[in-house]
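*Asks:* These protein sequence lines are chains Y and P, in that order.
Throughout, the working numbering is defined as the position within the first sequence, counted from one, plus 66.
Throughout, the working numbering is defined as the position within the second sequence, counted from one, plus 402.
Glycine included, each C-beta is placed from N, C-alpha and C at the ideal position.
Got a structure here, written out as structure tokens. Questions coming.
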Amino acid sequence: MKLQVASQLAIFSILELVAEPNRQITVADIGAKYGISTNHLAKVMNVLGRAGLVRSVRGAGGGFQFSGNARRTTLLDIIELFEPRGLRGPETGELGRHTAEAAALGVVLREIDDTVRATLGSITIATLRDLATRQPVQAALAS
Amino acid sequence: MKHVTTDHRKKRPGRAPAPADAPTGGESAIAIRAAERRDVAEVSALDAQVTGLPKPEHWMELYRRQRSVGGAPAGIFLVACPAAEPERVLGFIIGEIRAWEFGSDPCGWVYALSVRPEARERGVGEALLQAIAEAFRKAGMDKMRTMVARDAILPMQFFRGEGLMAGPYIQLEKDL
């Protein structure tokens, strides 16, 4: 599966904010690290703010802070804010609708969908942050 | 292999890290020790409180397997207690080393973990998991596994938070 760019940016942004909870981080800071425009990031932060996951601090030295619970906020919570149809795997659509064959294929696709949702719903921001610092990820980066 | 999934369904994740093989400091210090026969009634009551399904014979059988005679213990059965009250059970964990099932190299399986609702969010579950991981390690294992219901979000988050990831096996089943 592939996440939309906005979903990925939202996850990366929250990871940045969680890493430095005592500092207000600007969209320019995050944009520079991930090579993305501040306009695009501002839209993402706006959605996260409406969901209560970040708060903005205005004025000089202002920026964003994470306002959720890193041990409770899951990747699924974030992704569902940005995937307009909800997080769904491949679908059979209208082709062969009402046939046993399409229903059988639908059973398989739902199994995939359920697994994806269970995985994303069980990884919290705190867990993803730990994962990013673990040896296998660091080794993959170095190679 | 027999797995107790009900315990994984309702357990809440732990929070603060806690050493596995020694009491933690402070008023809420936790000690981990091997289960004794007198603990089984408390373990059974805890499980019944969490799952609503009493099964005392099952827990006694698991205790006996740990204490199997004539060889190495078949299982690992640990309990967590307040350091100052070593007879009061706050939680328990049960596991076993299994070899060559499903084509797997020997590894440590965790198949029951439960913490009293009033003792959760204090690192009890984490301390128990770390303790059994250490026991597996001392037995020469380099892998630990468990199984969690897909919709059991909190236990799943707990194990993920402890670094467990999806393994190379997929559980398959069929209605009979």
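Just list the alpha helix (DSSP H) runs in the region 87 to 155 of chain Y, keeping only unbroken ones of 4 residues or longer that don't cross its boundaries, in chain order.
*Replies:* 93 to 100, 104 to 116, 141 to 148
*Asks:* Does the structure place the region 135 to 142 of chain Y close enough to the region 95 to 112 of chain Y that three or more beta carbon pairs sit under 8 Å?
*Replies:* no
*Asks:* Do you know offhand how far Y:Gly172's Cα is from Y:Gly187's?
*Replies:* Start at 1 with the first residue of the first sequence, and residue 172 of chain Y comes out as number 106. Start at 1 with the first residue of the first sequence, and residue 187 of chain Y comes out as number 121. Rounded to the nearest angstrom, the two C-alpha atoms are 22 Å apart.
*Asks:* At the 7 Å Cβ level, is Y:Ile189 part of the contact set with chain P, yes or no?
*Replies:* Working through the first sequence from its first residue, we reach residue 189 of chain Y at position 123. Cβ-Cβ to chain P under 7 Å: yes for Y:Ile189.
*Asks:* Tell me which same chain residues have a C-beta within less than 8 Å of the C-beta of Y:Leu161, skipping the five on either side of it?
*Replies:* Position 95 of the first sequence, counted from the start, is the residue given in the question as residue 161 of chain Y. Here the set comprises Ala168.
*Asks:* Measure the alpha-carbon distance for Y:Gly97 versus Y:Phe132 and round it to whole angstroms.
*Replies:* One-based indexing of the first sequence puts residue 97 of chain Y at position 31. One-based indexing of the first sequence puts residue 132 of chain Y at position 66. For Y:Gly97 and Y:Phe132, the distance between alpha carbons rounds to 17 Å.
*Asks:* If contact means a Cβ-Cβ distance below 8 Å, which residues of the region 167 to 184 of chain Y contact chain P?
*Replies:* If the cut-off is 8 Å between Cβ atoms, the region 167 to 184 of chain Y has Asp180, Thr181, Ala184 near chain P.
*Asks:* Which residues in the same chain as Y:Leu81 place their Cβ atom closer than 8 Å to its Cβ, once the five residues preceding and following it in sequence are excluded?
*Replies:* Along the first sequence, read from residue 1 onward, the residue named residue 81 of chain Y stands at position 15. If we look at Y:Leu81 and ignore the five residues flanking it on each side, its Cβ neighbours are Ile191, Leu194, Arg195, Ala198.
*Asks:* So, does the region 446 to 459 of chain P touch the region 495 to 512 of chain P, judging by three or more C-beta pairs under 8 Å?
*Replies:* no
*Asks:* Got a sec? Which residues, its chain only, sit under 7 Å from P:Gly477 by beta carbon, not counting five neighbours each side?
*Replies:* Within the second sequence, residue 477 of chain P is the residue found at index 75, counting from 1. Within the same chain, P:Gly477 has close Cβ partners Leu464, Arg467, Gln468, Ile496, Gly497, Glu498.
*Asks:* Relative to the C-alpha of Y:Leu75, which candidate in Y:Leu175, Y:Val93, Y:Gln204 has its C-alpha closest?
*Replies:* As a position in the first sequence, residue 75 of chain Y is number 9, starting the count at 1. Looking at the Cα atoms, Y:Val93 is the closest of the given residues.
*Asks:* Any idea what DSSP makes of P:Pro484, helix, strand or coil?
*Replies:* What you label residue 484 of chain P is simply residue 82 of the second sequence in a count that begins at 1. P:Pro484 falls in the strand class under three-state DSSP.
*Asks:* Three or more C-beta pairs under 8 Å: does that hold for the region 477 to 488 of chain P against the region 523 to 536 of chain P?
*Replies:* yes
*Asks:* With DSSP as the reference, label P:Trp502 as helix, strand or coil.
*Replies:* Translated into positions along the second sequence, residue 502 of chain P becomes position 100. It is coil, neither helix nor strand.
*Asks:* Classify P:Pro557 as buried or exposed, calling it buried when 16 or more other Cβ atoms lie within 10 Å of its own Cβ.
*Replies:* By 1-based counting over the second sequence, the position of residue 557 of chain P is 155. Classification for P:Pro557: buried.
*Asks:* Going by the CB atoms, is the gap between Y:Gln90 and Y:Gly129 shorter than 7 Å?
*Replies:* Working through the first sequence from its first residue, we reach residue 129 of chain Y at position 63. Working through the first sequence from its first residue, we reach residue 90 of chain Y at position 24. The answer is yes: Cβ separation under 7 Å.
*Asks:* Name the residue from Y:Arg124, Y:Ile145, Y:Arg121, Y:Phe78 whose alpha carbon lies nearest to the alpha carbon of Y:Met67.
*Replies:* Numbered from its first residue, the first sequence carries residue 67 of chain Y at position 1. Looking at the Cα atoms, Y:Ile145 is the closest of the given residues.
*Asks:* Output yes or no for whether 7 Å exceeds the beta carbon distance between P:Asp553 and P:Val491.
*Replies:* As a first step, residue 553 of chain P is located in the second sequence; it is residue number 151 there, counting from the start. As a first step, residue 491 of chain P is located in the second sequence; it is residue number 89 there, counting from the start. Not closer than 7 Å, so no.
*Asks:* With Y:Gln70 and Y:Glu149 assumed to form a contact (beta carbons below 8 Å), what rounded beta-carbon distance in angstroms separates them?
*Replies:* For the purposes of this step, residue 70 of chain Y is taken as the residue at position 4 of the first sequence. For the purposes of this step, residue 149 of chain Y is taken as the residue at position 83 of the first sequence. Right, their Cβ atoms sit about 6 Å apart.
*Asks:* Are P:Thr548 and P:Val517 close, meaning C-beta to C-beta below 7 Å?
*Replies:* On the second sequence, residue 548 of chain P is found 146 positions in, with the first residue counted as 1. On the second sequence, residue 517 of chain P is found 115 positions in, with the first residue counted as 1. Cβ distance not < 7 Å, so P:Thr548 and P:Val517 don't count as in contact.
*Asks:* What residue does the alpha helix (DSSP H) around Y:Thr185 start on, and which one ends it?
*Replies:* As a first step, residue 185 of chain Y must be located in the first sequence, where it is residue number 119. 166 to 188 is the span of the alpha helix (DSSP H), which, as asked, contains Y:Thr185.
*Asks:* For P:Ala433 and P:Ala485, which I take to be in contact (beta-carbon distance under 8 Å), what is that distance rounded to the nearest angstrom?
*Replies:* The count along the second sequence starts at 1 and reaches residue 433 of chain P at position 31. The count along the second sequence starts at 1 and reaches residue 485 of chain P at position 83. Going by Cβ atoms, the distance from P:Ala433 to P:Ala485 rounds to 4 Å, so yes, they are a contact pair.
*Asks:* Is the CB of Y:Thr193 under 7 Å away from at least one CB in chain P?
*Replies:* Taking the first residue of the first sequence as position 1, residue 193 of chain Y is located at position 127. Interface residue, yes.
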